[in-house]
Amino acid sequence: NNLGDKSPALLFNNIYGYNNAQIALNVIGSWPNHALMLGLPKDTPVKEQFFEFARRYNQFPVKVQREETAPFHENEITEDINLF
């Protein structure tokens, strides 16, 4: 199947309970998706994407914080979700 090249990357902003947070999904579906997730033009070479990702990773030494009562625990999935 051609899912990787045809699938959209998803970027979620305004995450409930967090300031200035974003979550990107399906960024590895294709290298153009990965570039867009990094805020780069979709035709950015893979090597440049790698170095940009490494640069950002090195600037993000945030301690993991586990929450037993995080807002997502309030969600209940009652049926299949169709994102398309």
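Using my numbering, the first residue of the sequence shown is number 8, and each one after it goes up by one.
Beta carbons: idealized from backbone N, C-alpha and C, even for Gly.
Given the structure is predicted, the values throughout are model-derived calculations rather than measurements.
#1: Can you tell me where the beta strand (DSSP E) holding Asn20 begins and where it ends?
#2: Straight-line CA distance for Leu32 to Leu47?
#3: For the candidate residues Asn27, Ile22, Trp38 and Asn26, whose alpha-carbon lies nearest to that of Pro15?
#4: Give the C-beta separation of Val27 and Val34 to the nearest angstrom, bearing in mind that I take them to be a contact with Cβ-Cβ under 8 Å.
#5: Does DSSP put Leu10 in a helix, in a strand, or in coil?
Reading off the structure:
#1: Translated into the one-based positions of the sequence shown, residue 20 becomes position 13. Taken as a continuous stretch (DSSP letters only), the beta strand (DSSP E) holding Asn20 covers Leu17 to Asn20.
#2: Along the sequence shown, one-based indexing puts residue 32 at 25. Along the sequence shown, one-based indexing puts residue 47 at 40. Between Leu32 and Leu47, the C-alpha separation is close to 16 Å.
#3: Within the sequence shown, the letter at position 8 stands for residue 15. Among Asn27, Ile22, Trp38 and Asn26, the Cα nearest to that of Pro15 is on Trp38.
#4: Working through the sequence shown from its first residue, we reach residue 27 at position 20. Working through the sequence shown from its first residue, we reach residue 34 at position 27. Here the sequence assigns Asn to residue 27, which means Val is not the residue at that position. Separation of the CB atoms of Asn27 and Val34 is rounded to 19 Å, and the pair is thereby denied contact status at 8 Å.
#5: Position 3 of the sequence shown, counted from the start, is the residue given in the question as residue 10. For Leu10, the predicted model reports a pLDDT of 46, less than 50, meaning its position is unreliable; a value from the coordinates is still stated below. When DSSP states are grouped into helix, strand and coil, Leu10 belongs to the helix group.
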